[in-house]
Amino acid sequence: MQKWKKLSQNEIRQRIFSALSENVDYYNENIIGLPASHLDDKVFYQNAPFLEDAPYLSTLIHNPNHIGCHTLGESESFFRGTQELEKEVIKVCAEDILHCDSEYDGYVASGGTEANMQAVWIYRNYFLQEKKAKLNEIALLSSSDAHYSSAKASNVLQIDFFKVKVDENDRSISKETVHETIEEAQSQGKKYFIIVANMMTTMFGSVDDVSVYTDTFQEKGLDFKLHVDGAYGGFYYPFAKSDNDLNFSNPHVNSITLDAHKMLQAPYGTGIFLIRKNWMHYANTQEASYVEGQDFTLIGSRSGANAIAIWMILMTYGPNGWFEKTLVLNHRTKWLCDQLAEQEIEFYRYPDANIVTIKAEYLNPLICKKYGLIPDNHKDPKWYKIVVMDHVTIEKLELFLNEID
1 MQKWKKLSQN EIRQRIFSAL SENVDYYNEN IIGLPASHLD DKVFYQNAPF LEDAPYLSTL
61 IHNPNHIGCH TLGESESFFR GTQELEKEVI KVCAEDILHC DSEYDGYVAS GGTEANMQAV
121 WIYRNYFLQE KKAKLNEIAL LSSSDAHYSS AKASNVLQID FFKVKVDEND RSISKETVHE
181 TIEEAQSQGK KYFIIVANMM TTMFGSVDDV SVYTDTFQEK GLDFKLHVDG AYGGFYYPFA
241 KSDNDLNFSN PHVNSITLDA HKMLQAPYGT GIFLIRKNWM HYANTQEASY VEGQDFTLIG
301 SRSGANAIAI WMILMTYGPN GWFEKTLVLN HRTKWLCDQL AEQEIEFYRY PDANIVTIKA
361 EYLNPLICKK YGLIPDNHKD PKWYKIVVMD HVTIEKLELF LNEID
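Residue 1 is where the sequence shown starts when you use UniProt numbering, and the numbers rise one by one after that.
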């Protein structure tokens, strides 16, 4: 852990206000060419005294536009101060959390969905440009438990989507089901594959054995690119199980999604996209010639305050504090599982995950609604999930368990 260090609240405040001082100052500079970034001060009061002690709110009011991908070098110089803090976020995530020891690029996206779509967009364009593939020769492939963003990417980017069946009991993929899915895709003329592997699925918290994908594709001699969807698990699983191959230490992993507005508890709009160096250019929008450094992202203009929010959380905890938090949630999840087992209630928990999914037949839907349990399907639920986070205390879990006993 080299870049990621815990900072005091005073150090965090000083760094953020120092960064803001390097951004454009609409009040003291004669800036007349930038549209929209200057908030209407009749509505958003710029000089409220409390803002002096509120770095995140101050960043919202300053409204920096972080358009583009700042790890590529040239970006909009009007906002260079806060862009540097976004680059620190990318560095911590890529190097300290996901073990990247080579060069990389990345940016703070609007969420996990956009980050996953960014990966698929890049790899689709790679196959089109470098392999001279036809659009109908490219396939997107993920497990049937994968997030619906894969289906959305398939629809938007016009490439066919194939789902790998999972085992109903342990939610795992197998070489057999991957093989079957590949054969189905090949029967429809698919030659190039984009794989989205799961680092904790949204419903079950399950983690794909990524070698099942890579071994099968290599044995078949097929052309593929591998993206890891860690939108839920990216800020949890690497700490709960540090010895894993869903990170950049695995040479097959080319890009990863994280999502700070889940386990990191950042504001919405704080997804993170990370990719190895020399791949972002496949998403370059050259028509954005008026943007300094051009634009390589799906979202275009985006709030710099979102990057600052992530940076603040990471620096408030530091690596040791975040590891400790994960241990507490793991212990709390184990306690819940022990109680369910005592009551002979069937449930699923992936090892070291903080999601517990209970079979619907053991639950009263009214109790589930009262406690905010999420069904796998609102029309015909077979499972309901509990996500153990800071606010899901043992006291709250006890109340729930007493009602279902």
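Built from N, CA and C at the ideal position, the CB exists for glycine as well.
Quick one: grab the DSSP three-state call for residue i.
i	result
Trp335	helix
Gly321	helix
Ser242	coil
His38	coil
Leu135	helix
Ser303	strand
Asp53	helix
Leu7	coil
Ile31	coil
residue 410	No answer is possible for residue 410: it lies beyond the span of the chain, which begins at 1 and ends at 405.
Val43	coil
Asp96	helix
Val207	strand
Met1	Because Met1 sits at a pLDDT of 47, beneath the cut-off of 50, its placement in the model cannot be relied upon, and the following sentence gives the value as read from the coordinates. It is coil, neither helix nor strand.
Thr202	coil
Thr177	helix
Thr393	coil
His147	coil
Arg171	coil
Phe248	coil
Asn125	helix
Ile365	The residue asked about is misnamed: residue 365 is Pro in this sequence, not Ile. Helix.
Asn402	helix
Ile190	Note that residue 190 is Lys in the sequence shown here, rather than Ile. DSSP places Lys190 in coil when its eight states are reduced to three.
Val328	helix
residue 406	Because the chain here runs from 1 to 405, residue 406 falls outside it and cannot be looked at.
Ala309	helix
Leu264	coil
Gln343	coil
According to the neighbour-count rule (16 or more other Cβ atoms, all chains shown, within 10 Å of its Cβ), is residue i buried or exposed?
i	result
Ala240	buried
Asn169	exposed
Phe235	buried
Ile97	buried
Lys370	exposed
Lys262	buried
Ser255	buried
Thr393	exposed
Ile31	exposed
Gln46	exposed
Asn377	exposed
Asn320	exposed
Ala266	buried
Gly230	buried
Ile12	buried
Ser21	exposed
Lys382	exposed
Val3	The sequence shown places Lys at residue 3, not Val. With fewer than 16 other Cβ atoms within 10 Å, it is exposed.
Phe44	exposed
If residue i and residue j are in contact, beta carbons under 8 Å, what's the gap, nearest whole angstrom?
i	j	result
His70	Gly112	About 20 Å; that fails the 8 Å criterion.
Lys385	Met203	6 Å
Val164	Ser149	In fact, because the Cβ distance is near 16 Å, the residues do not count as touching under 8 Å.
Val210	Asp245	6 Å
Phe162	Leu141	5 Å
Tyr104	Ile367	The pair is not a contact, with the Cβ atoms about 46 Å apart (cut-off 8 Å).
Ala119	His252	That belief does not hold up - the Cβ atoms of Ala119 and His252 are roughly 14 Å apart, past 8 Å.
Glu74	Gly293	4 Å
Trp121	Leu72	Contact flag wrong, Cβ pair sits at about 16 Å.
Cys93	Leu264	10 Å between Cβ atoms; not a contact.
Val387	Gly68	In fact, because the Cβ distance is near 34 Å, the residues do not count as touching under 8 Å.
Checking 9 Å against the spacing of the C-beta atoms, do residue i and residue j come in under that value?
i	j	result
Glu76	His62	no
Thr270	Ala283	no
Asn306	Val108	yes
Gly106	Ile272	yes
Ile308	Leu39	no
Lys191	Asp223	yes
Ser8	Asp101	no
Arg80	Met315	no
Glu88	Trp279	no
Ala115	Ser206	no
Ile160	Ala139	The displayed chain sequence assigns Asp, not Ile, to residue 160. Contact flag set, yes.
Ser37	Pro64	yes
Glu346	Glu361	yes
List the residues that DSSP assigns as beta-bridge partners of residue i.
i	result
Leu141	Phe162 and Ile195
Thr357	Tyr348 and Lys385
Ser255	His227 and Ile275
Asn65	Ser303
Leu107	Note that residue 107 corresponds to Tyr in the displayed sequence, not to Leu. Tyr107 is bridged to Phe273.
Pro375	Tyr384
Thr285	Asp295
Compute every distance between the C-beta of residue i and the non-hydrogen atoms of the ligand GTP, then say whether any falls below 8 Å.
i	result
His261	Judged by which ligands are present, the structure shown has none, so any question about the ligand GTP falls away.
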